[in-house]
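A.B. asks:
Number of protein chains: 2
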Amino acid sequence: MSGQLWRKNLINITPYVAGEQPKSDDIIKLNANENAYPPSPRVREILDSYKPEDMRRYPSADAGPLREALAKRAGLSVENVFVSNGSDDVLATAFRAFFNSDKPIVYPDITYSFYPVWCELLKIPSRTVPVGEDFHIDAKSLYGEGNGGVVFANPNAPTSLAESREFVRDVLEHNRDCIVIVDQTYVDFADKGIDCLDMINEYDNLLITHTFSKSRSMAGMRIGEAYGNAELIKYMLAVKDSYNSYPVNRLSIETGVASVQDEEYFQDTLKKIINTRQSTAEALKGLGFEVLDSSTNFLFAAHPKFGAKDIFEYLRDKGIYIRYFNKPRIDNYLRITIGTDDEMSQMIAQIKAFMGA
Amino acid sequence: MSGQLWRKNLINITPYVAGEQPKSDDIIKLNANENAYPPSPRVREILDSYKPEDMRRYPSADAGPLREALAKRAGLSVENVFVSNGSDDVLATAFRAFFNSDKPIVYPDITYSFYPVWCELLKIPSRTVPVGEDFHIDAKSLYGEGNGGVVFANPNAPTSLAESREFVRDVLEHNRDCIVIVDQTYVDFADKGIDCLDMINEYDNLLITHTFSKSRSMAGMRIGEAYGNAELIKYMLAVKDSYNSYPVNRLSIETGVASVQDEEYFQDTLKKIINTRQSTAEALKGLGFEVLDSSTNFLFAAHPKFGAKDIFEYLRDKGIYIRYFNKPRIDNYLRITIGTDDEMSQMIAQIKAFMGA
Numbered sequence: 002m003s004g005q006l007w008r009k010n011l012i013n014i015t016p017y018v019a020g021e022q023p024k025s026d027d028i029i030k031l032n033a034n035e036n037a038y039p040p041s042p043r044v045r046e047i048l049d050s051y052k053p054e055d056m057r058r059y060p061s062a063d064a065g066p067l068r069e070a071l072a073k074r075a076g077l078s079v080e081n082v083f084v085s086n087g088s089d090d091v092l093a094t095a096f097r098a099f100f101n102s103d104k105p106i107v108y109p110d111i112t113y114s115f116y117p118v119w120c121e122l123l124k125i126p127s128r129t130v131p132v133g134e135d136f137h138i139d140a141k142s143l144y145g146e147g148n149g150g151v152v153f154a155n156p157n158a159p160t161s162l163a164e165s166r167e168f169v170r171d172v173l174e175h176n177r178d179c180i181v182i183v184d185q186t187y188v189d190f191a192d193k194g195i196d197c198l199d200m201i202n203e204y205d206n207l208l209i210t211h212t213f214s215k216s217r218s219m220a221g222m223r224i225g226e227a228y229g230n231a232e233l234i235k236y237m238l239a240v241k242d243s244y245n246s247y248p249v250n251r252l253s254i255e256t257g258v259a260s261v262q263d264e265e266y267f268q269d270t271l272k273k274i275i276n277t278r279q280s281t282a283e284a285l286k287g288l289g290f291e292v293l294d295s296s297t298n299f300l301f302a303a304h305p306k307f308g309a310k311d312i313f314e315y316l317r318d319k320g321i322y323i324r325y326f327n328k329p330r331i332d333n334y335l336r337i338t339i340g341t342d343d344e345m346s347q348m349i350a351q352i353k354a355f356m357g358a
Numbered sequence: 002m003s004g005q006l007w008r009k010n011l012i013n014i015t016p017y018v019a020g021e022q023p024k025s026d027d028i029i030k031l032n033a034n035e036n037a038y039p040p041s042p043r044v045r046e047i048l049d050s051y052k053p054e055d056m057r058r059y060p061s062a063d064a065g066p067l068r069e070a071l072a073k074r075a076g077l078s079v080e081n082v083f084v085s086n087g088s089d090d091v092l093a094t095a096f097r098a099f100f101n102s103d104k105p106i107v108y109p110d111i112t113y114s115f116y117p118v119w120c121e122l123l124k125i126p127s128r129t130v131p132v133g134e135d136f137h138i139d140a141k142s143l144y145g146e147g148n149g150g151v152v153f154a155n156p157n158a159p160t161s162l163a164e165s166r167e168f169v170r171d172v173l174e175h176n177r178d179c180i181v182i183v184d185q186t187y188v189d190f191a192d193k194g195i196d197c198l199d200m201i202n203e204y205d206n207l208l209i210t211h212t213f214s215k216s217r218s219m220a221g222m223r224i225g226e227a228y229g230n231a232e233l234i235k236y237m238l239a240v241k242d243s244y245n246s247y248p249v250n251r252l253s254i255e256t257g258v259a260s261v262q263d264e265e266y267f268q269d270t271l272k273k274i275i276n277t278r279q280s281t282a283e284a285l286k287g288l289g290f291e292v293l294d295s296s297t298n299f300l301f302a303a304h305p306k307f308g309a310k311d312i313f314e315y316l317r318d319k320g321i322y323i324r325y326f327n328k329p330r331i332d333n334y335l336r337i338t339i340g341t342d343d344e345m346s347q348m349i350a351q352i353k354a355f356m357g358a
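Chains P and U, in that order, give the protein sequences.
Here this note's numbering is used: the first sequence runs in plain steps of one and ends on residue 358.
Here this note's numbering is used: the second sequence runs in plain steps of one and ends on residue 358.
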């Protein structure tokens, strides 16, 4: 029997090992940058009035109602908005649509860990440029006649740092011949002054990505979006249609629209998280931590005397899950999601206990 | 200004033109093989008891609870089941995981129209083999030392025809060195005797795909699944993880589990559709149609005297949407989704009016 030769045709890929997902409900989970608060109460109203018989029909192929709601909120046309199954799906679609050069795409060495994964999967040549000693990105490092594309997150993760609009403009001015993707996953937690959404009207090679998973408290519903000129969005829709005609389900579309239409709740939630971020950063600084100036819903912090890994493990034993990266340059830093005030107080108390403070 | 050169890096792809999706609620929609009946009433209970605050958390990365429910129903282990964002996503994941040979994959010329699209997108060499004059697939045409993989739908679409278990076994016995994907999208509407799910224990190169969009009335929730040996499933999970860690949202997981656990409602719905299929086929035959022997929730039918396109257009003008394919070999056939008895009666009445019968 000749069987088993099929193994030679398996994809050559290193199976991803998922991060720790504690099963117990009895823990404080500050390790995935999820939102501390529930989504808009209008989501409950959608579930109450939803007719399950509608589930038998395919959803809108382009998540049309959600594109319309997002376009309206941003003062854009529906042709400028793309929606898909979480921002990972949006970003992967964009990589496939736009990064087809034999020149390498460029991204910072410390950033979202999925960029290199998609480059490997889609066989996109890439190179990384180091962020500075202060973890800020050097705009000049992203300049290039030789770039096949550029992607960076602003604010960046896990550093929590934002670059200015002038920075983004500078990068765009020096990359007119390739697509520049600015991943604005965390932008709602930053100063309004850094949002570059309006620049899509000025730069036809700019794509902005965003997600419902952080500021909109809907990680569980898998919704991500992108903004760009109509031609870019048309190509993303074509890639989407060639892979999966209907990537966003009916309840994600409907609950997503409800969230977008509740601006007041959205702003209130952002304010609460920003306030807690401020008080938590001060508390950590009071304990001797270096805390980077966060524009996100998490803090990136290190202590000069205590090892990050030791703090991480101590907190985990106490049922408090934060994030530690065993990677060059950042292996003495902790990434701490902003939870409720009460969760943060419990975490600070445990860190004090660890330090014997 | 050197701008616009970014266009040279756009993906070379023909934007898909979506099928007609009538906007009005006042039509009879028999053109997408959606289910005529709502999903299990337990879905309503899930929506009633669901806590929106859970949406702020990422879902189970592998849709774990749904894998477990499906495995339990099938008498398999959870390691044998993969779940993702609709069967299109499942099939595309399988193509990427398993079809990495430089030899062509093989599929019938008349079948699901997405197979060639994925081959183009993923740069997989392929060849088609013609189905017979009777639209049945010739097992010998799928034999091959030279195959990089095999994929076919059983029952097939748009023909509605099923092949036997012996047929599937024959194809597997002659393709021990590549992966064989059997797309069982419509299997629940067929005789129990053609389901090959149990064969995954016998053939380690067999992958069976399936969906919640047809028999489970949940096209709107985007759930598809695959069954295979643990090694195949492990590779599919690795591809999934390299693209999108969380492809299935929380409400699809929970409502999907509710559906799987309601076997009685599932079987009742299937029976109703099979009965309506029988009466509709008889009515069409009474009007002189040739109707293929359907094992699906649709009929594939042609009339010796009246053109399919003319019937299609007449019905569309009357607000009844069925499917017509302007493609070689099948351009005199109509694909008619089985709706409720009342919908079928209205359709038959309009066909009679068209024929002047």
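Glycine included, each C-beta is placed from N, C-alpha and C at the ideal position.
1. Counting C-beta neighbours from all protein chains within 10 Å, is the total for V44(P) 16 or more, i.e. buried, or is it exposed?
2. Would you mind telling me which residues of chain P sit closer than 7 Å to F99(U), beta carbon to beta carbon, in chain order?
3. Does chain P have any CB closer than 8 Å to the CB of C179(U)?
4. If distances are taken between C-alpha atoms only, which option among S127(U), E121(U) and F99(U) comes closest to P109(U)?
5. Using alpha carbons as the reference points, say which of V91(P), D192(P) and I106(P) lies closest to T297(P).
6. Residues of the stretch 131–160 of chain U with a CB closer than 8 Å to any CB of chain P: list them in chain order, please.
7. For the stretch 73–100 of chain U, enumerate the residues whose C-beta is nearer than 8 Å to any C-beta of chain C, in chain order.
8. Starting from N250(U), find everything on chain P with Cβ-Cβ shorter than 7 Å and list it in chain order.
9. So what's F136(P) in DSSP terms, helix, strand or just coil?
10. Would the stretch 316–327 of chain U count as touching the stretch 22–38 of chain U if we require 3 or more Cβ pairs under 8 Å?
11. Along the stretch 51–64 of chain P, what residues have a CB closer than 7 Å to any CB found in chain U?
12. What span of residues does the beta strand (DSSP E) with I182(P) cover, start to end?
13. Let me see if you follow: with CB-CB separation under 8 Å, is R170(U) close to chain P or not?
14. May I have the straight-line CA-CA distance separating I47(P) from G257(P), to the nearest angstrom?
15. If you follow the beta strand (DSSP E) that Y108(P) is in, where does it begin and where does it stop?
16. Following the continuous alpha helix (DSSP H) through V258(U), name the residue where it begins and the one where it ends.
17. Whose CA, out of A302(U), I275(U), I274(U) and L271(U), lies closest to the CA of Y286(U)?
18. What is the DSSP secondary structure of K319(P), counted as helix, strand or coil?
19. Determine the chain U residues that contact S127(P) at a beta-carbon separation under 9 Å, and present them in chain order.
20. Does P23(P) have its Cβ less than 8 Å from a Cβ in chain U?
21. Against chain P, which members of the stretch 294–327 of chain U pass a CB distance test of less than 9 Å?
22. Use the C-beta contact count for R278(U): other C-beta atoms within 10 angstroms, 16 or more gives buried, fewer gives exposed.
23. How many Å lie between I106(U) and A158(U) at the Cα?
24. Would you say I209(U) faces chain P, with C-beta separation under 8 Å as the test?
25. In chain P, which residues lie less than 9 Å from L122(U) when you measure between Cβ atoms?
26. Can you tell me whether I12(U) is helix, strand or coil according to DSSP?
27. Name, in chain order, the residues that DSSP records as bridge partners for Y325(U).
28. Relative to the alpha-carbon of N300(U), which residue among T112(U), L162(U), E80(U) and G150(U) has its alpha-carbon at the smallest distance?
29. From which residue to which residue does the beta strand (DSSP E) around S127(U) run?
30. For D294(P), which residues from the same chain have a beta carbon less than 7 Å from its beta carbon, with the 5 sequence-adjacent residues on both sides left out?
31. Give the DSSP bridge partners of G150(P), in chain order.
32. For H211(P), write down the residues that DSSP places opposite it in a beta bridge.
33. If you draw a straight line from the alpha carbon of P66(U) to that of S253(P), how long is it in whole angstroms?
34. Assign L77(P) to one of three DSSP states: helix, strand, or coil.
35. From D263(P) to R57(U), what does the alpha carbon distance come to, in whole angstroms?
36. Under 8 Å between C-beta atoms, does V183(U) make it to chain P?
C.D. replies: Taking the structure as given:
1. Classification for V44(P): buried.
2. N10 and L11
3. Answer yes: the Cβ-Cβ gap between C179(U) and chain P drops below 8 Å somewhere.
4. S127(U)
5. D192(P)
6. Hits within the stretch, in order: G149 and G150.
7. The structure shown contains no chain C; its protein chains are P and U.
8. Near N250(U) (Cβ distances below 7 Å), the residues of chain P are G221, M222, R223, N250 and S253.
9. coil
10. yes
11. Within the stretch 51–64 of chain P, the qualifying residues are Y51, P53, E54, D55, M56, R57, R58, Y59, P60 and A62.
12. V181 to D184
13. no
14. 10 Å
15. I106 to P109
16. R251 to V261
17. According to the sequence provided, residue 286(U) is Lys. The question's Tyr does not apply to it. K286(U) has its Cα closest to that of A302(U), out of A302(U), I275(U), I274(U) and L271(U).
18. coil
19. Result: empty, since nearest Cβ-Cβ is about 14 Å, beyond 9 Å.
20. no
21. none
22. buried
23. 19 Å
24. no
25. Neighbours of L122(U) in chain P, taken as residues at a C-beta separation under 9 Å, are given in chain order as R97, V240, S243 and Y244.
26. coil
27. L335(U)
28. The displayed chain sequence assigns Leu, not Asn, to residue 300(U). For L300(U), the nearest C-alpha among the options comes from L162(U).
29. S127 to V130
30. L162
31. The partner list for G150(P) (beta bridge, DSSP) reads I106(P).
32. E226(P)
33. 19 Å
34. coil
35. 16 Å
36. no
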